[in-house]
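All remarks here apply to the structure that follows.
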Amino acid sequence: MNAAFDTAAQSWLEQALAQAAARAPGWTLRFAEAGRRCGADALDARVRLLTAARPDPAEVSLLYRQGTPAERRAVLLALPRLDLPAAAGVPLVEDALRTNDTSLLAAALGPYAARHLDAHTWRHAVLKCLFTGVPVSGIAGLAERARGDTELTRMLQAQATERTAAGRPIPQDLTQVLTLTEPL
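Here my numbering runs 646 ahead of the position in the sequence shown, where the first position is 1.
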């Protein structure tokens, strides 16, 4: 993320980052305010604020649960930089995987999910991407986790069979993931 902030947004962000890094009271308000101050670059600003603040798990959870979809997306994208234990971060990822918001689904399947999701949940997340049209190219660690995963192979083959029986085309992403499941 390398946003090009205008002068006013850059000035605001520098002050907000200093406040977040100092863990000054009210820094979380800057997280919400980033949408108004940074416009199209608010996602980058929010991730940077979270990274600077190093919030504890309870704060991260609160920001996610009370956040707008855009704020939730920023929390999910920041997870790999926050060194949260799985017990704190995985429930946020799982919540995003239960939504029908494809931007949250895509954000949830970054490096944090690749490291921390159990195999069952991860497989179902891959299938949800295929069902919802989220490009599998954005799934962190896909090749490594899919390689030799016979259960994922079975699930993908079942989906391909189902689509063929219904007269629907098999998405290229499904074929790509199926190829990745082959053992070396």
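Every residue gets a Cβ at the ideal spot worked out from N, C-alpha and C, and that includes glycine.
Residue burial classification, residue i (beta-carbon count within 10 angstroms, cutoff 16)
| i | result |
| --- | --- |
| LEU826 | buried |
| ASP729 | exposed |
| LEU609 | Outside the shown range of the chain (647 to 830) lies residue 609, about which nothing can therefore be said. |
| THR828 | The question names Thr, yet the displayed sequence has Glu at residue 828. Exposed: under 16 other Cβ atoms inside 10 Å. |
| LEU884 | This structure cannot settle anything about residue 884, because the visible part of the chain is limited to 647 through 830. |
| ASP764 | exposed |
| GLN661 | exposed |
| GLY735 | buried |
| ASP795 | buried |
| ARG692 | buried |
| ASN648 | Because ASN648 carries a pLDDT of 48, less than 50, the predicted location of this residue cannot be relied on, and the following value inherits that uncertainty. By the neighbour-count rule (16 or more Cβ atoms within 10 Å), ASN648 is not buried but exposed. |
| ASP652 | exposed |
| ARG769 | buried |
| ALA771 | buried |
| PRO701 | buried |
For residue i, three-class secondary structure by DSSP
| i | result |
| --- | --- |
| PRO703 | helix |
| LEU830 | coil |
| VAL693 | helix |
| PRO781 | coil |
| PRO817 | coil |
| ASN648 | For ASN648, the predicted model reports a pLDDT of 48, less than 50, meaning its position is unreliable; a value from the coordinates is still stated below. ASN648 falls in the coil class under three-state DSSP. |
| PRO671 | coil |
| ALA804 | helix |
| ASP795 | coil |
Option nearest residue i by Cα separation, candidates the options
| i | options | result |
| --- | --- | --- |
| GLN805 | PRO701, CYS775, GLY756 | CYS775 |
| LEU830 | GLU790, THR778, ARG744, ALA704 | GLU790 |
| PRO703 | VAL721, LEU689, ALA686 | VAL721 |
| LEU709 | LEU723, PHE677, VAL739 | PHE677 |
| ALA667 | ALA699, ARG719, PRO731 | ALA699 |
| VAL823 | ASP741, ALA752, SER783 | SER783 |
| ALA688 | ALA650, GLY672, LEU725 | ALA650 |
| THR748 | PRO781, ALA812, ARG692 | PRO781 |
| LEU723 | PRO731, ALA754, GLY713, ARG744 | ALA754 |
Any non-hydrogen atom of the ligand GDP closer than 8 Å to residue i Cβ
| i | result |
| --- | --- |
| THR714 | For the ligand GDP, the structure offers nothing, since it holds no ligand at all. |
- Message: To test your reading of the DSSP string, which unbroken alpha helix (DSSP H) runs of 4 or more residues are found completely within the region 708-746?
- Response: For the region 708-746, the full-length alpha helix (DSSP H) segments reaching 4 residues or more read 715-728, 732-744 along the chain.
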